[in-house]
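Here our numbering runs 141 ahead of the position in the sequence shown, where the first position is 1.
We put the beta carbon where it would ideally sit given N, CA and C, even for glycine.
Source: prediction; values computed, not measured.
Down below is the structure, laid out as structure tokens.
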Amino acid sequence: MLALYWPRKKRLSDFADDESGALNAFVMLLMPLILFSVGLGIDLTKLNAQERYVQGQADLGVLSGLRAATTAEELRDAVRTTVEANDGYDTLPLRDADIVLGTYSHATGFTAADDQLSLVGVDAFEVRVRSEVDFFIIDLFMPPGLKGVQRTAVGQLAPPLVSFALSNCLLSATLLDGVLRPLIGTELDALCQGAAVDVRLTAEEFLGGFATQVELLKPSGSAVTYGDILDTQLPVADVLGAVTGTPVPDTGETMVLADIIYLAPGLRALRAASPLPPIELSVADLAFATAELLTTRVADVGVGLDLGGVGVVDAALTVGDPRQIVLGATPGDPNAVARTAQIQLDLDVIDVAGVFTLRTSIDVAAASATLTDAGNACSKVPGDEVAVFDPVNASLLDFYLEVDVLNLLPQIADPGELAEGLSLIFDRTTERRAFTHAQYQAEEAQEIRPQGFLNDDSITRSLREATSGLLDAVSQTIASENGCNGLLCLVTGVTGTLNALLGQLSSAVDDVFAGLGPAGTLVDEIYGGLVDLNVAVAELELLEVTCGTGRLVK
């Protein structure tokens with residue numbers, strides 16, 4: 142009996158102590174939570190990978206758009222092509238609203254532009270890429286419309302750089318011959334012809350040639366920038382020597398290149414060894430701008446004006462504003478203004494047939510052009526405007542004439558009281574000028590001249606009529622204010638002298654008006670010589686347009 146009891150008791154004890162099925166039951170109880178955690182981990186891993194992919198697609202789309210930023214349409218096409226070409230994850234088609242044009246600054250971030258069809262005024266764009274995500278677990282809890290990934294990237298367009306100049310080679314060659322010829326020892330007409338066949342220097346070659354010279358003037362160890370070169374007093378002989386390629390006698394004169402060359406601030410800060418955009422400078426522009434700068438320091442520069450049959454008449458020449466060449470300017474920069482020289486020509490007193498004298502002062506060849514931000518410099522479409530100048534001002538003739546009657550007896554009147562003056566200011570032209578991409582590619586220059594100057598004859602006729610009208614006014618003044626009567630006239634003989642003078646003036650008026658006789662021929666020859674200067678038009682030339690690719694900013 143005892144033998145049967147103990148084994149049963151042992152079996153009950155073993156059963157009570159047996160734990161082999163406890164773990165399985167616990168696992169079964171936790172299995173839903175385990176599966177949920179694993180699925181959620183897979184979903185989060187997939188979400189993270191898809192977010193990185195979508196962000197990469199947005200970044201790649203921006204980089205493609207930066208390289209194709211010629212028009213808004215081409216920019217959007219480039220972004221779409223890049224995003225659609227990659228199929229690691231399915232992305233939703235990009236709408237126009239997903240590629241937003243605008244502006245960017247560090248302070249305010251990205252701001253959408255009102256006009257989404259043009260790149261004018263746009264310096265940045267934002268790309269939004271969207272992709273739907275298929276989840277294992279999250280799908281059970283998230284509405285279908287919220288199961289997507291969206292990432293953005295912003296690209297900032299590099300501002301285009303525009304270089305341009307106004308030139309007036311014919312006028313400069315005529316008036317500055319006496320200044321330049323002793324310095325450069327060459328015919329200025331030949332230099333003008335050289336400009337016509339595109340004799341040029343690159344800005345990097347021209348400015349970089351002075352780097353060593355400027356370095357010697359700076360503190361040891363300081364890097365020389367292009368701005369330093371422009372701001373340093375350089376010998377005129379060295380500048381003209383670099384321009385012409387021939388040695389120039391040193392006269393001791395110095396100059397600052399910044400007075401004639403405007404270089405954009407970003408380019409001024411570059412070290413002299415750094416590459417500049419491929420900007421070219423006209424040899425003639427540099428030579429004449431240098432001479433114009435020199436003449437501003439001289440009160441009277443002797444110039445001989447050949448008036449044909451009259452001979453050579455001495456004149457005084459003053460340059461009021463040397464031309465400025467603009468290099469690498471950002472459109473819209475208020476300092477991006479090119480000018481030609483405003484030249485004042487004063488003729489000495491000229492005796493006309495012993496009857497009267499002429500004193501003449503003429504301003505010629507004043508022109509300026511201001512670059513605006515209205516154009517699309519990056520466009521490759523032939524008809525698109527890549528550079529717009531507004532305003533463009535031109536005033537080629539501001540004429541002052543003074544007539545003084547000769548041989549008047551003191552008892553009639555003080556000769557000074559009979560001097561008459563007349564100003565003729567021909568209408569100033571103010572207009573908008575633009576270069577299309579086709580014109581820029583063809584290297585076309587645009588002439589700048591006031592409206593109404595149709596030909597040489599019209600100018601001469603206007604000046605001749607003004608002179609004869611002024612003489613007629615003088616004769617009427619003499620007749621009305623200086624007449625005499627009675628015994629005094631008979632005693633002094635003033636009447637005969639006065640009548641003879643009025644007869645001479647009347648004849649001179651007819652001769653000048655008709656361009657005949659001694660007075661008319663002489664006046665025509667004087668004005669004919671001046672017309673050659675007045676009709677020398679300025680040329681606006683677009684030197685270079687450089688469009689940068691920009692950068693990814695966020």
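By the DSSP assignment, the alpha helix (DSSP H) with residue i in it spans what residues?
i, result
"Y581", "578-582"
"R217", "213-226"
"V380", "377-385"
"Q354", "352-356"
"P406", "406-409"
Name the DSSP bridge partner or partners of residue i?
i, result
"T244", "T252"
"N517", "Answer is none; N517 lacks a bridge partner."
"F429", "Partner(s): none; F429 has no beta bridge."
"M396", "L375"
"E273", "G289"
"L693", "G296"
"L171", "Answer is none; L171 lacks a bridge partner."
"F509", "The residue asked about is misnamed: residue 509 is Ser in this sequence, not Phe. R480, N534, per the DSSP bridge assignment."
Comparing C-alpha positions only, which one of the options sits nearest to residue i?
i, options, result
"F351", "G368, R341, A219", "G368"
"K359", "Q374, E345, T687, L348", "Q374"
"A575", "P463, D531, L542, E346", "D531"
"T244", "A209, R221, Q297, T498", "Q297"
"F429", "T366, G393, N309", "N309"
"V650", "V678, V615, L683, L681", "V615"
"L342", "N227, D391, D231, V384", "V384"
"L544", "A607, Q587, D237, L411", "The sequence as given places Val at residue 544; Leu does not occur at that position. That would be A607, whose Cα lies nearest to the Cα of V544."
"V270", "A253, D256, V241, F251", "V241"
"T501", "L604, L434, A655", "L604"
"D701", "A414, V261, Q465", "Any answer about residue 701 is impossible in this case: the structure gives the chain only from 142 up to 695."
"E572", "V529, L683, P173", "V529"
"S423", "Q196, S304, T498", "S304"
"E588", "N534, G644, F540", "N534"
"S536", "A508, V546, V522", "A508"
"Q580", "G319, L307, R590, L681", "L681"
"V195", "L174, A226, L171, L207", "A226"
"E346", "R322, A314, L417, G644", "L417"
"F691", "G197, L188, G206", "The question names Phe, but residue 691 is Gly in the sequence shown. Among G197, L188, G206, the Cα nearest to that of G691 belongs to G206."
Under a CB-based cut-off of 8 Å, is residue i close to chain B?
i, result
"L646", "The structure shown contains no chain B; it is built from a single protein chain."
For the beta strand (DSSP E) containing residue i, name the first residue and the last one.
i, result
"R569", "Here R569 belongs to no beta strand (DSSP E), and DSSP marks it neither H nor E."
"G349", "Here G349 belongs to no beta strand (DSSP E); instead the alpha helix (DSSP H) covers 344-349."
"G469", "466-470"
"N534", "526-536"
"V678", "From DSSP, V678 is part of no beta strand (DSSP E); its letter is neither H nor E."
"V389", "First-last for V389: undefined, no H or E at that position."
"E585", "First-last for E585: undefined, no H or E at that position."
"A210", "From DSSP, A210 is part of no beta strand (DSSP E); its letter is neither H nor E."
"E232", "First, the residue type needs correcting, since residue 232 is Thr and not Glu in the sequence shown. No beta strand (DSSP E) holds T232; DSSP gives it neither H nor E."
"V263", "Neither: V263 is in no beta strand (DSSP E) and is coded neither H nor E."
"A479", "478-480"
"L317", "Run containing L317: none; DSSP gives neither H nor E here."
"S423", "421-423"
Spatial neighbours of residue i within its chain, please: C-beta separation below 7 Å, excluding the five flanking residues on both sides.
i, result
"S520", "T211, T212, V527, H578"
"N391", "It should be pointed out that residue 391 corresponds to Asp in this sequence rather than to Asn. Only P376, A378 meet the Cβ criterion."
"D372", "V397, A399"
"T366", "R409, A410, L411, R412, A413"
Look up residue i in the DSSP assignment and say whether it is helix, strand or coil.
i, result
"S616", "helix"
"Y367", "helix"
"T498", "strand"
"S415", "coil"
"D487", "strand"
"L657", "coil"
"I401", "coil"
"V686", "strand"
"G335", "Since pLDDT at G335 reaches only 49, below the 50 mark, its modelled position is unreliable, and no value is offered."
"D474", "coil"
"I183", "helix"
"V544", "strand"
Return the chain-ordered list of same chain residues with a C-beta closer than 6 Å to the C-beta of residue i, the five sequence neighbours on each side being excluded.
i, result
"V203", "V268, A294, G296, L693"
"K695", "V295"
"A209", "E215, L216, A219"
"L683", "F305, A528, F576, Y581"
"Q552", "Interpretation of Q552 is limited by its pLDDT of 41, a score under 50 that renders its predicted location unreliable; the figure taken from the coordinates is listed afterwards. Closer than 6 Å at the Cβ level, and outside the excluded window around Q552, lies no residue."
"L201", "T223"
"T252", "G243, T244"
"L348", "Y367, I370"
Among residues of its own chain, excluding the 5 on either side of residue i, which ones have a beta-carbon nearer than 8 Å to its beta-carbon?
i, result
"E192", "V290, R292"
"F654", "R605, E606, S609, G661"
"T395", "Q374, L375, P376, V377"
"F497", "V544, D545, V546, L547, L612, V615, L646, A649"
The ligand HEM and residue i: does the residue's C-beta get closer than 7 Å to at least one heavy atom of that ligand?
i, result
"L381", "The ligand HEM is not part of the structure shown, which contains no ligands of any sort."
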